[in-house]
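One structure is given below, encoded as structure tokens.
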Amino acid sequence: MIEIKNLTKAFGNFKAVDNISFTVGKGETFILIGTSGCGKTTTLKMINRLIEPTAGTVTINGSNIQNEDAVNLRRKIGYVIQYIGLFPHYTVAQNVSIVPKLLKWDTRKIKEKIEELLNLVGLSPKEFRNRFPHELSGGQKQRVGLARALVADPPVVLLDEPFGALDPITRGQIRAEFKNLESLLKKTMVIVTHDIYEAFELGDRVCLIDGGKIQQIGTPKDLIFSPANGFVESFFSSHRFQLELQALKLKDILDITQKREITIKKVKEFGLNDSLLYVFEEMEKAAPTETMKESILRVKDESGKP
């Protein structure tokens, strides 16, 4: 769906993005994460030509985006930013209808689509369509911004720190709703975030960038259990225990133990740090003769859930 090849962006002598390449498959959610100033937002903005590259190519569905008018390109790509960017003098319905009007949709189709999208993002059309942005909470504004990005049914959606301006509680709620929406719509999405947990929760694959260069691309489990270098390992180290629990599912553990009959004493081979290892050791103490697989199954059976 999206192919980035040898992409570079230089500002004077400074390379914000330095010869990076990756692909994003159809329906995939691809996360760009890294330190501040690493080039992740610059990369995102080159996909819809808000920033022009110094070198390299971006293709979408096999077509080089440089061969297309930039304005027309952006009308076919959904774009959600941290501070939403709603027009303050437009109602919710008017904000959502901007792109359909530019595409010259008829009035009835626009009205139906607005109602469909507002319902989809959890806002009652009757209650919210005529409100102005100053009458909305932060979470409601973010939902409107998402509806606006999706209204023309774009195959690609770009999101730049989409939940970054929200308080932690609202952020968690919107993130959970977005994940359900993501599963429902099956759009190709590229998301920039600085939040490691958000990256692991939403991403099919995660791309870690530092100094304008890609350090590693992989699934959350790849990055946690098979880091490509010391930077990747250190980037996630302070959050490792929680990320292990997030990335590693009971099925994964059972598959490993079933294939290789691993006991607690051998579990360190798989990169589980001391915190998570302690959990398994405690399980073994309860039944020393059990293998790890048997112990986990016993806990599952006793609790009634994984």
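With this note's numbering, letter number 45 in the sequence shown gets 556, and the count goes up by one each step, no holes. Cβ coordinates follow ideal geometry from the N, Cα and C atoms, glycine included. A quick note: this is a predicted structure, and the numbers were derived from the prediction, not measured.
Please report how far the alpha carbon of Leu657 lies from the alpha carbon of Val668, in whole angstroms.
10 angstroms
Counting only the same chain and skipping the five closest in sequence on each side, list residues whose C-beta sits under 6 angstroms from that of Gly714.
Thr540 and Ile542
Between which two residues does the beta strand (DSSP E) containing Thr484 stretch?
Nothing can be reported for residue 484, as the shown portion of the chain is limited to 512 through 817.
Count the C-beta pairs between the stretch 548-567 and the stretch 603-612 that are closer than 8 angstroms, then say yes if the count reaches three, no if not.
no
Based on the DSSP output, what are the partners of Gln727 in its beta bridges?
Leu719
Residue ranges of each alpha helix (DSSP H) run of no fewer than 4 residues wholly in the stretch 573-643, ordered along the chain?
Fully enclosed alpha helix (DSSP H) runs of 4 or longer: 581-586, 603-607, 609-613, 618-631 and 636-639.
Can you round the beta-carbon distance between Val582 and Ile576 to whole angstroms, since I take them to be within the 8 angstroms contact cut?
At roughly 12 angstroms, the Cβ-Cβ gap does not stay under 8 angstroms, so Val582 and Ile576 are not in contact.
From the DSSP secondary-structure annotation, give me the bridge partner or partners of Ala521.
Lys526
C-alpha distance - Arg642 paired with Val703, whole-angstrom precision:
29 angstroms
Roughly how many whole angstroms lie between the Cα atoms of Cys718 and Glu627?
33 angstroms
Buried or exposed, going by whether 16 or more other CB atoms sit within 10 Å of the CB of Ser786?
Bear in mind that the predicted position of Ser786 carries a pLDDT of just 48, short of 50, making it unreliable; the figure below should be weighed with that in mind. Classification for Ser786: exposed.
With DSSP as the reference, please indicate the residues paired to Ile513 in a beta bridge.
Val535 and Ile571
Please report the distance separating the alpha-carbon of Ala521 from that of Ile720.
16 angstroms
Residue burial classification, Ala527 (beta-carbon count within 10 angstroms, cutoff 16):
Answer is buried; the Cβ neighbour count reaches 16.
Could you round the C-beta distance between Arg654 and Leu634 to whole angstroms and report it? I think they count as a contact, below 8 angstroms.
5 angstroms
Endpoints, the alpha helix (DSSP H) within which Val655 is located
Gly649 to Leu661
Does DSSP classify Asp733 as helix, strand or coil?
helix
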